[in-house]
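Chemist: My questions will all concern the structure given below.
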Amino acid sequence: MEYLFNSISEFITPEIVKNTSKILKEENSKVSQAFQTTIASILELIVEKGENKKFESILKGIGNMHILFSVSNLFLDKMNSKMQNACTKFLKYILNDRLKEYYSLISDISHISLFNSTYIVNKIALLVSAFLGEKLISNISFSALLDQLEDEKNDFQIYIPFELSKLLEQSHLKSFLAQKFWVSFF
């Protein structure tokens, strides 16, 4: 199976970064950082959540929306109510009552406004969930996807800043981020 983090990140073309930056009136570098941090941390949250039928059903439902056929439009157009509901359901499922805190942390880490953070997180949440949902629909098992993400964790965790550790529950990531934080002083 292909490297999931890279495959998802490849959807975020320089053109999408440029257009999103223009729409949000933010610097390209800040938008790019928000994209990378959000993709990596959402994948981490998915691994944390683990395998269960409800979660698999949410991902398959979003996969059936065929969002990946027009990713550039996802970032240019306003989300319709079906997309917004799917996004909210997905984010609330992986973050529980921590969604507002997550938006705020992405805003602080990327140095973008809270409004723009919410915009980026929602769009990336749809992209990630649609990508994984389509994998599930194509008969790749949820456990195989989670195993793949578990194998990739050390590679995509480098995009998760220490500030997000209080939001992420897994002790392995917390210790990784704590080590990353202390090493940054040297």
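For the sequence shown, counting from 1, position 55 maps to 265 in the numbering used here; every step adds exactly one. By construction, the Cβ of each residue, glycine as well, lies at the ideal position given by its N, Cα and C atoms.
1. Kindly give me the distance between the Cβ atoms of residue 269 and residue 342, rounded to whole angstroms, as I take these residues to be in contact under 8 Å.
2. Does residue 377 come out as helix, strand or coil in the three-state DSSP assignment?
3. Nearest-angstrom Cα distance between residue 385 and residue 358?
4. DSSP on residue 275, reduced to helix/strand/coil?
5. What are the complete beta strand (DSSP E) segments, minimum 3 residues, inside the segment 241-308?
6. Buried or exposed, going by whether 16 or more other CB atoms sit within 10 Å of the CB of residue 315?
7. In three-state DSSP terms, what is residue 386?
8. What residue range is occupied by the uninterrupted alpha helix (DSSP H) comprising residue 322?
9. Should residue 371 go down as buried or exposed, given a rule of 16 or more other Cβ atoms within 10 Å for buried?
10. Within 10 angstroms of its Cβ, does residue 326 collect 16 or more other Cβ (buried), or is it exposed?
11. Taking the straight line between their C-alpha atoms, what separation do you get for residue 257 and residue 361?
12. Out of 353, 373, 330 and 377, state which residue places its alpha-carbon closest to the alpha-carbon of residue 246.
13. With a threshold of 16 other CB atoms inside 10 Å of the CB of residue 288, please say whether the residue is buried or exposed.
14. Take residue 297 and list the residues in its own chain whose beta-carbon comes closer than 6 Å to its own, dropping the five residues that flank it on each side.
Modeler: Checking against the coordinates, here is how it stands:
1. 5 Å
2. coil
3. Since pLDDT at residue 385 reaches only 44, below the 50 mark, its modelled position is unreliable, and the value read off the structure follows with that caveat. C-alpha separation (whole angstroms): 21 Å.
4. coil
5. none
6. buried
7. Confidence at residue 386 is low in this model, with a pLDDT of 47, below 50, so its placement is unreliable and no value can be given for it.
8. Per DSSP, residue 322 belongs to no alpha helix (DSSP H) and is neither H nor E.
9. buried
10. buried
11. 10 Å
12. 330
13. exposed
14. 332, 335 and 336
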